[in-house]
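Visitor: Residue numbers (this note's numbering): 256 to 403. Even for Gly, the Cβ is constructed at its ideal location relative to N, Cα and C. All figures in this text were calculated on a predicted structure; none of them were measured in a lab. If you scroll down you'll find the structure; I have some questions about it.
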């Protein structure tokens, strides 16, 4: 039996609202893989404030690019009440040499770390710390200083 989630990772980030989609960005989980800025630069532009403009592209395009974020630092919710992100059907783990473990799938993550939102969390994407130096366990916070 699976324990129900007690915390939604969407709630951890700063929110950016568009007419059809709300984007949540958690800077502590971002490893700067760049999938967002390469994938949709008119929405994600680190040289602009605010750096995320969800209304600058169709919501389905924004959601597609967010799902490419390997760490889960970017999350989204449609404003229409439509379905949120569905996990990959097969759980995968990719080890970054000297860096984190990149997980995708229907993930249940337990944490009791302060500032992480303790309890059981449902994730679809995350970078798990493999070096032990993170202050955001079990998530990688970049302490290993390895580029994704």
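If I follow the unbroken beta strand (DSSP E) through residue 377, where does it start and stop?
Guide: Numbered from its first residue, the chain shown carries residue 377 at position 122. Counting along the chain, the beta strand (DSSP E) containing residue 377 begins and ends at 374-383.
Visitor: Express the C-alpha separation of residue 399 and residue 352 in angstroms, rounding to a whole number.
Guide: Your numbering for residue 352 matches position 97 in the chain shown. Your numbering for residue 399 matches position 144 in the chain shown. One C-alpha to the other measures close to 11 Å.
Visitor: Is the beta carbon of residue 273 closer than 8 Å to that of residue 309?
Guide: The residue you call residue 309 lines up with position 54 of the chain shown. The residue you call residue 273 lines up with position 18 of the chain shown. Yes, the pair counts as a contact, with Cβ atoms nearer than the cut-off.
Visitor: Have a look at 317, 297, 401 and 339 and flag the residue whose alpha-carbon is nearest the alpha-carbon of residue 377.
Guide: Locating residue 377 in the chain shown gives position 122, where the first residue counts as 1. When only C-alpha atoms are compared, the closest one is 339.
Visitor: What separation, rounded to the nearest whole angstrom, lies between the Cα atoms of residue 277 and residue 395?
Guide: Translated into positions along the chain shown, residue 277 becomes position 22. Translated into positions along the chain shown, residue 395 becomes position 140. Residue 277 and residue 395: Cα-Cα distance of roughly 24 Å.
Visitor: In the structure shown, what three-state DSSP assignment does residue 302 receive?
Guide: Here residue 302 refers to the residue found at position 47 when the chain shown is read from its first residue. In this structure, residue 302 counts as coil in the three-state DSSP scheme.
Visitor: Quick check on this structure: which residue in 296, 350, 295 and 266 has the alpha carbon closest to the alpha carbon of residue 282?
Guide: Here residue 282 refers to the residue found at position 27 of the chain shown. For residue 282, the nearest C-alpha among the options comes from 266.
Visitor: Taking the CB atoms as reference points, tell me whether residue 286 and residue 347 lie closer together than 8 Å.
Guide: Locating residue 286 in the chain shown gives position 31, counting from the first residue. Locating residue 347 in the chain shown gives position 92, counting from the first residue. Not a contact, by the Cβ cut-off of 8 Å.
Visitor: What separation, rounded to the nearest whole angstrom, lies between the Cα atoms of residue 379 and residue 361?
Guide: Reading the chain shown from its first residue, position 124 is the one you call residue 379. Reading the chain shown from its first residue, position 106 is the one you call residue 361. Approximately 6 Å, taken between the alpha carbons.
Visitor: Determine whether the beta carbon atoms of residue 305 and residue 271 lie at a separation below 8 Å.
Guide: Taking the first residue of the chain shown as position 1, residue 305 is located at position 50. Taking the first residue of the chain shown as position 1, residue 271 is located at position 16. Yes, the Cβ-Cβ distance between residue 305 and residue 271 is below 8 Å.
Visitor: What would DSSP say about residue 350, mapped onto helix, strand or coil?
Guide: Walking along the chain shown from the start, residue 350 turns up at place 95. Note: residue 350 maps to strand in three-state DSSP.
Visitor: Spatial neighbours of residue 268 within its chain, please: C-beta separation below 6 Å, excluding the five flanking residues on both sides.
Guide: Translated into positions along the chain shown, residue 268 becomes position 13. For residue 268, where only same-chain residues beyond five positions count, the Cβ hits under 6 Å are 279, 280 and 281.
Visitor: Should residue 387 be labelled buried (16 or more other beta-carbon atoms within 10 Å of its own) or exposed?
Guide: As a position in the chain shown, residue 387 is number 132, starting the count at 1. Classification for residue 387: exposed.
Visitor: With 16 other CB atoms within 10 Å as the buried threshold, where does residue 315 fall?
Guide: Taking the first residue of the chain shown as position 1, residue 315 is located at position 60. Under this definition residue 315 is an exposed residue.
Visitor: Specify the secondary structure class of residue 398 as computed by DSSP and reduced to three states.
Guide: Counting from one through the chain shown, the residue named residue 398 turns up at place 143. Of the three classes helix, strand and coil, the one that applies to residue 398 here is coil, per DSSP.
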